[in-house]
Amino acid sequence: MNALAVDDLRKTFGGEPAVDDISLTVEQGEFFSLIGPSGCGKTTTLRMLAGLLTPDAGQVMLNGDDVTDRPARERATNMVFQDLVLFPHMSVAENVGYGLARSGVTEPERGQRVEDALALVNLAGFGDRDPSDLSGGQRQRVALARALVNDPAILLLDEPLASLDRALREDMQAEFRRIQRDSDTTFLYVTHDQESAMSMSDRVAVMRDGRIVNVGPPRQLYTDPQTRFVASFLGDATLLDGDVIRREGPDVVVQTGAGPLRADADAASYAVGDTVTVAVRPEAVTLGGGDLTGTVTDVAYKGFYEEATVDCSGAELVVRRERNTAAPDTAPSADGGTDLPFRVGETVELGVSRAVLVRDERR
Amino acid sequence: MSVANTPGRLRDWLVAGSPLLLALALGVFPLLTLFVESIGPGLGGENYAEVLSPLYRGALLYSIGVGVGVTAVCLAVAYPITYWIAHRCPDRYRLIALVSVTLPLWLNYVVLNYAWVWILARGGVVNRILVGTGLLDSSLDLLYNNISMGIGFVYIYLPYVVLTMYVSMERLDYQLIEAARDLGASDVRVFLDIVLPRTLPGAAAATLIVYARIAGAFATPEILGSPGNVMIARLVVQAFRQYTNYGFAAALSFVFLLLVLGTLGLGALSPRVRRELRQW
Chain A
1 MNALAVDDLR KTFGGEPAVD DISLTVEQGE FFSLIGPSGC GKTTTLRMLA
51 GLLTPDAGQV MLNGDDVTDR PARERATNMV FQDLVLFPHM SVAENVGYGL
101 ARSGVTEPER GQRVEDALAL VNLAGFGDRD PSDLSGGQRQ RVALARALVN
151 DPAILLLDEP LASLDRALRE DMQAEFRRIQ RDSDTTFLYV THDQESAMSM
201 SDRVAVMRDG RIVNVGPPRQ LYTDPQTRFV ASFLGDATLL DGDVIRREGP
251 DVVVQTGAGP LRADADAASY AVGDTVTVAV RPEAVTLGGG DLTGTVTDVA
301 YKGFYEEATV DCSGAELVVR RERNTAAPDT APSADGGTDL PFRVGETVEL
351 GVSRAVLVRD ERR
Chain B
364 MSVANTPGRL RDWLVAGSPL LLALALGVFP LLTLFVESIG PGLGGENYAE
414 VLSPLYRGAL LYSIGVGVGV TAVCLAVAYP ITYWIAHRCP DRYRLIALVS
464 VTLPLWLNYV VLNYAWVWIL ARGGVVNRIL VGTGLLDSSL DLLYNNISMG
514 IGFVYIYLPY VVLTMYVSME RLDYQLIEAA RDLGASDVRV FLDIVLPRTL
564 PGAAAATLIV YARIAGAFAT PEILGSPGNV MIARLVVQAF RQYTNYGFAA
614 ALSFVFLLLV LGTLGLGALS PRVRRELRQW
């Protein structure tokens, strides 16, 4: 059964739809992420699911029950807020036990469950502390425990990692994933950070302008984005416009500004002569011996790899080259110097190993 | 510590010390003279013995009772008002709402009391409306009792309580309320578990400001209160002006001050209040 089923949910602020008829389902035990840029309506959606905001239209089902008209306190959802909002005048244990106390769980069961929840988030023995005595990561865990301990049908997380620095954020991502598995709770995670969403989630929904434009497992969204927006929001992509010049089995060949590109497509839906957009990931661009030729216009050092922007007769492609960190930049290597850094103005030959057709998401 | 004797250090002491000295002089000196007056003549303490006679004991207790009661009503009224202004009112109307609630602050205190005489009198606004609309056959006696005095007190002191409470209420993170609701708290629980503890410093500050002034008020009980219920201020004024018994008036004032401090201390005994006060 679906832990959550949302049907045509809508919310309008001052005439502008913030959430525009979205529908989605989340399975029991799934880690589902809702991602999109700021203002795309993801937090509004989450607040409607929590019951903190009343939708204008649509339906919210939790474990098969219609909860659309129920207030937050009568819903089997619990939320981890972006600012965490731990109760500052209560101890860690009082914070975590608050929901249990409100639903009538008495001591000693409450104390036991609070202890178990704190142990689950690796904070055993922290019950007597005040939230203000904890570090950012520890507060994060308390907020998670406070929500999880109530055994919600679905746990709603509103960008709880946004305020952490990068290293801590990556630790917490792994922790979230582990805690989600260990507690077997359904997670709905809202974020604008596609990297963390992709690394944690079973499935991801990409939102834009109040609509869900693409749903699927992270790998599928990354390799086969359906729209221009999804292609460029999830990782880097070069988008090239062009015309279909012929069909080859399931693929089409598109004449772009950079040259002809063979792209994956459901060939039946495109005819020769159609104007289309092709998305190319930087890692699908190979260096040397390809059909395309261009001039390096910009070079960016990225650590273990180097990224060059290449102008191929007006169309810009991005190509990456791993750096051999063992060899210094100036030492020519055996195969003729491919370890040398890119140079602006240099002419390179490029091949494209994989490209996908994407559509414009505007309906 | 050779630095201590440099002229710069001395100047610092003077700069910091003179205002402090002035404040101490203004605050403590009159109190000191009053106290010396109260124990004279001849260090007898008869003044204090008289204060504790039943007549004065009654007035003192009544004043404290009025102070506690009216302060409680002010807080009870200010809570929903400030909650609404801080968390429910649309941003652009907030200032207007706050100003209109605190408008009485800018009018003369005595005038404010007489406004209620005009409203509650036999020929006043309320009676005219009640009789005029046929709800009542004849006018009611609404004035010169505890109710009319209470109304006057609340009307005059509510703005102070609202302004003080508003600061606390505005600092209360609304997300805490949402978090509590999300965890299953009813409205009553949200108030008891979140709103009350987070705004207790504001309530305590408001109490400090208005409680003693209400208990020791002179004009409102004189203008709106019952002639039979004597509050302490009238007795002090009588002792000063009618009987010119300064010693007794001073003793009365000191006992009252001790009572006020005592009741405030009683409030501070509550562990919850103490915990909040420590965060100041």
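Same order as they appear, the protein sequences are chains A and B.
Per the numbering used here, the first sequence starts with residue 1, numbered consecutively.
Per the numbering used here, the second sequence starts with residue 364, numbered consecutively.
Think of the CB as a built atom: it goes at the ideal place given N, C-alpha and C, for glycine as much as any other residue.
Closer than 9 Å by beta-carbon distance: list the chain B residues that pair up with residue i, in chain order.
i, result
"A/S103", "L546, G547"
"A/N150", "L546, G547"
Identify the contact partners of residue i in chain B, using a Cβ-Cβ distance below 7 Å as the criterion.
i, result
"A/G99", "L546, G547"
Just list the residues that DSSP pairs residue i with in beta bridges.
i, result
"A/I212", "A/M207"
"A/L239", "A/A279"
"A/A308", "A/V299, A/V319"
"A/Q255", "A/D243, A/P260"
"A/V60", "A/V6"
"A/Q349", "Before going further, note that residue 349 of chain A is Glu rather than Gln in the sequence given. A/E349 is bridged to A/T293."
"A/T227", "A/R359"
"A/T286", "A/G351"
"A/E94", "According to DSSP, A/E94 bridges with nothing at all."
"A/V80", "A/L157"
"A/F13", "A/E16"
"A/D66", "A/M61"
For residue i versus residue j, is the C-beta distance shorter than 9 Å?
i, j, result
"A/V310", "A/L261", "no"
"A/S368", "A/V190", "Absent from the model: residue 368 of chain A. The displayed extent of chain A is 1 to 363, so no value can be given."
"A/R320", "A/V285", "yes"
"A/A263", "A/A355", "yes"
"A/R102", "B/G547", "yes"
"B/G596", "B/E400", "Checking the sequence, you will find Ala at residue 596 of chain B rather than Gly. Cβ distance not < 9 Å, so B/A596 and B/E400 don't count as in contact."
"A/V278", "A/V254", "yes"
"A/A119", "A/V80", "no"
"B/V618", "B/Y411", "yes"
"A/A205", "A/L4", "no"
"B/A460", "B/F516", "no"
"B/W481", "B/L587", "no"
"B/A569", "B/M528", "yes"
"A/L234", "A/P217", "no"
"A/G273", "A/G257", "no"
"A/A379", "A/R281", "Only positions 1 to 363 of chain A appear in this structure, which leaves residue 379 of chain A out of reach."
"A/R252", "B/L539", "Before going further, note that residue 252 of chain A is Val rather than Arg in the sequence given. Not closer than 9 Å, so no."
"A/D83", "A/S163", "yes"
"A/V276", "A/R343", "no"
For residue i, go through chain B and note every residue whose CB falls closer than 8 Å to its CB, in chain order.
i, result
"A/L155", "Those within 8 Å of A/L155 in chain B number zero; the least Cβ separation is about 11 Å."
Interface residues of chain A around residue i at Cβ under 9 Å?
i, result
"B/E541", "R47, A50, L52, A72, M79, F81, V85"
So residue i contacts chain A; which residues on that side make the cut at Cβ distance below 8 Å?
i, result
"B/P560", "H89"
"B/R552", "R102"
"B/I557", "F87"
What does residue i reach in chain A if we use C-beta pairs closer than 7 Å?
i, result
"B/D536", "V85"
Hey, is residue i close to the ligand GTP, as in C-beta under 8 Å from one of its heavy atoms?
i, result
"A/V285", "Absent from the structure shown: the ligand GTP. Ligands present: none."
Item to check | Contact the region 565-576 of chain B vs the region 522-535 of chain B: 3+ CB pairs below 8 Å | outcome: yes
Checklist entry - Which full runs of the beta strand (DSSP E) of 3+ residues lie inside the region 589-628 of chain B, going along the chain? => result none
Checklist entry - For the region 209-224 of chain A against the region 8-26 of chain A, are there 3 or more C-beta pairs whose distance is under 8 Å? => result yes
Next on the checklist: Using 8 Å as the cut-off, can you tell me whether the region 218-235 of chain A makes contact with the region 59-74 of chain A, which would need three or more C-beta pairs spanning the two stretches below that distance?
Outcome noted: no
Next on the checklist: Three Cβ pairs or more, each shorter than 8 Å: is that satisfied between the region 485-500 of chain B and the region 582-595 of chain B?
Outcome noted: no
Checklist entry - Which whole runs of the alpha helix (DSSP H) in the region 384-453 of chain B are 4 residues long or more, in chain order? => result 409-414, 417-446
Next on the checklist: Using 8 Å as the cut-off, can you tell me whether the region 33-52 of chain A makes contact with the region 155-166 of chain A, which would need three or more C-beta pairs spanning the two stretches below that distance?
Outcome noted: yes
Item to check | Contact the region 448-461 of chain B vs the region 614-634 of chain B: 3+ CB pairs below 8 Å | outcome: no
Checklist entry - Are the region 606-614 of chain B and the region 561-570 of chain B touching, with three or more C-beta to C-beta distances below 8 Å? => result no
Item to check | 3-residue-minimum beta strand (DSSP E) runs that sit fully inside the region 483-554 of chain B, ordered along the chain | outcome: none
Checklist entry - Taking the runs of the beta strand (DSSP E) that are 3 residues or longer, which of them lie wholly in the region 113-190 of chain A? => result 154-158
Item to check | At least 3 beta-carbon pairs within less than 8 Å: the region 288-296 of chain A vs the region 304-318 of chain A | outcome: yes
Next on the checklist: Could you check whether the region 104-118 of chain A touches the region 64-83 of chain A, counting it as contact only if at least three pairs of C-beta atoms, one from each stretch, sit closer than 8 Å?
Outcome noted: no
Item to check | Complete runs of the beta strand (DSSP E) confined to the region 17-58 of chain A [at least 3 residues] | outcome: 31-35
Next on the checklist: Check whether the region 434-443 of chain B and the region 501-521 of chain B touch, using three or more Cβ-Cβ pairs below 8 Å as the test.
Outcome noted: yes
Checklist entry - Would the region 173-190 of chain A and the region 107-114 of chain A be scored as touching if the rule is three or more Cβ pairs under 8 Å? => result no
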